[in-house]
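Taking it in order: structure first as structure tokens, then the write-up.
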Amino acid sequence: MANSTDFLLALEGVTVSFDGFKAVNDLNLYIDKGELRVIIGPNGAGKTTVLDLICGRTRVSNGSIKFQDHEITGLTEHEIVKRGIGRKFQTPSIYDDLSVFENLEISFPRGRNVFGALFWNRTSEIIERVQEIAEMIYLSDQINQRAETLSHGQKQWLEIGMLLIQDPELLMLDEPVAGMSVSERVKTAALLNTIIKNRSVVVIEHDMKFVESIAHRVTVLHQGKVLAEGDMEAIQADPHVKEVYLGH
Ligand code: ADP
Ligand code: MG
12 MANSTDFLLA LEGVTVSFDG FKAVNDLNLY IDKGELRVII GPNGAGKTTV LDLICGRTRV
72 SNGSIKFQDH EITGLTEHEI VKRGIGRKFQ TPSIYDDLSV FENLEISFPR GRNVFGALFW
132 NRTSEIIERV QEIAEMIYLS DQINQRAETL SHGQKQWLEI GMLLIQDPEL LMLDEPVAGM
192 SVSERVKTAA LLNTIIKNRS VVVIEHDMKF VESIAHRVTV LHQGKVLAEG DMEAIQADPH
252 VKEVYLGH
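For what it's worth, the numbering used here labels the leading residue of the sequence shown as 12, then goes sequentially.
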């Protein structure tokens, strides 16, 4: 009988084979509510594939993925988003021709109040929420600018904002600070530390300085398996980790 769990997200025995090659191999991974977990590991370790499996982009060959104690392995990507899992890809998918405001506005979840009587309420609700998110992602001053005029880092923040406005329980980010300046990295760390107050976050990241500034727990992935897991100090002291990753 399946055990019920207090974890927000639980992966058990998860395997995916691509033509016989196991990119993720019998993986167990548990994420708590309110946790900010960082996944690190060398190139090809299977990090992005793990996110693909959680968000339903890739199907598991074997194993179970439970979100809020419900099996999600059979669901479509869209259904998984509706369950409350948001995922940011490495390249931002924002609308260049639209303003920051419009990008956030179109991401606001629709269809909650479908009847006309609430129309004006909804509109002010959306405007308020868009402004709140814009401030959180450091783009209040750019709110009417077209997205294409933003810096690389600002575009990354905008995409994070587009996910936040959907209010996911779990937000997954694949290398969010790649290509960012030092000051943008510091602000991104502060942003992540703010947003975990209401949700859990899983971040894949290479930049160890950044990881140190955000991580609660770190999972080291290697050849599709968990090589080590613990706080930053324990991970940095782990001889296996040094061997496969940090020493390089
Ligand atoms: P990471 O994000 O840790 O760098 P990935 O998850 O992108 O690693 O890839 C893990 C391994 O799986 C790599 O060897 C990669 O080539 C392979 N892989 C990932 N996705 C596919 C796919 N759709 N088809 C075949 N092989 C894949
Ligand atoms: Mg990757």
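We put the CB at the ideal spot given by N, CA and C, even for glycine.
Just to confirm the assignment, what range does the alpha helix (DSSP H) spanning Lys-93 have? In the DSSP assignment, Lys-93 falls within the unbroken alpha helix (DSSP H) covering 88 to 94.
Tyr-149 versus Pro-120 - alpha carbon distance: Answer to the nearest angstrom: the Cα atoms are 22 Å apart.
Rank Arg-196, Ser-151, Gln-79, Glu-82 by C-alpha distance to the C-alpha of Glu-113 and give the top, closest one. For the set Arg-196, Ser-151, Gln-79, Glu-82, the Cα lying nearest the Cα of Glu-113 is the one of Ser-151.
Residues sharing a beta bridge with Lys-77, DSSP: Answer by DSSP bridge pairing, in chain order: Ala-21, Glu-82.
Looking at Leu-181 and Lys-58, is the spacing between their C-beta atoms short of 8 Å? Not a contact, by the Cβ cut-off of 8 Å.
Identify which residue in Asn-204, Gln-167, Val-49, Lys-166 has its Cα closest to the Cα of Met-219. Closest option to Met-219, Cα to Cα, is Val-49.
As a quick exercise: from Ser-72, Ala-248, Val-237, Ser-75, pick the residue whose alpha carbon is nearest that of Pro-53. When only C-alpha atoms are compared, the closest one is Val-237.
How many angstroms separate the CA atom of Glu-159 from the CA atom of Pro-103? Taking C-alpha positions only, Glu-159 is separated from Pro-103 by approximately 11 Å.
Name the DSSP beta bridge partners of Asp-185, please? Paired residues: Ile-215.
Less than 8 Å between the CB atoms is what I'm expecting for Ser-110 and Gln-156, so what's the real figure, rounded? Right, their Cβ atoms sit about 6 Å apart.
Identify the continuous beta strand (DSSP E) that holds Val-255 and give its terminal residues. From DSSP, Val-255 is part of no beta strand (DSSP E); its letter is neither H nor E.
Under 7 Å: does the beta carbon of Lys-208 sit that close to some heavy atom of the ligand ADP? Because no heavy atom of the ligand ADP lies under 7 Å away, the Cβ of Lys-208 does not count as near it: no.
Is it right to say Gly-67 is buried, meaning 16 or more other beta carbons lie within 10 angstroms of its own, or is it exposed? By the Cβ-count criterion, Gly-67 is buried, with 16 or more other Cβ atoms from all chains shown falling within 10 Å of its own Cβ.
Tell me whether the stretch 26 to 33 and the stretch 200 to 211 touch, counting them as touching only if at least three CB pairs, one residue from each stretch, are closer than 8 Å. Between the stretch 26 to 33 and the stretch 200 to 211, the count of C-beta pairs closer than 8 Å stays below three; the two stretches do not touch.
Let me check one thing: in DSSP terms, what residues is Val-110 bridge-paired to? Looking at the sequence provided, one finds Ser at residue 110 rather than Val. Bridge partners of Ser-110: Arg-157.
Outcome for Ser-118 when other beta-carbon atoms lying within 10 angstroms are tallied against a minimum of 16: Per the 10 Å Cβ criterion, buried.
Give the straight-line distance between the Cα atoms of Glu-240 and Leu-22, rounded to the nearest whole angstrom. A direct Cα-Cα distance of roughly 15 Å separates Glu-240 from Leu-22.
Please report how far the alpha carbon of His-251 lies from the alpha carbon of Gly-172, in whole angstroms. Looking at the two C-alpha atoms, the distance is approximately 37 Å.
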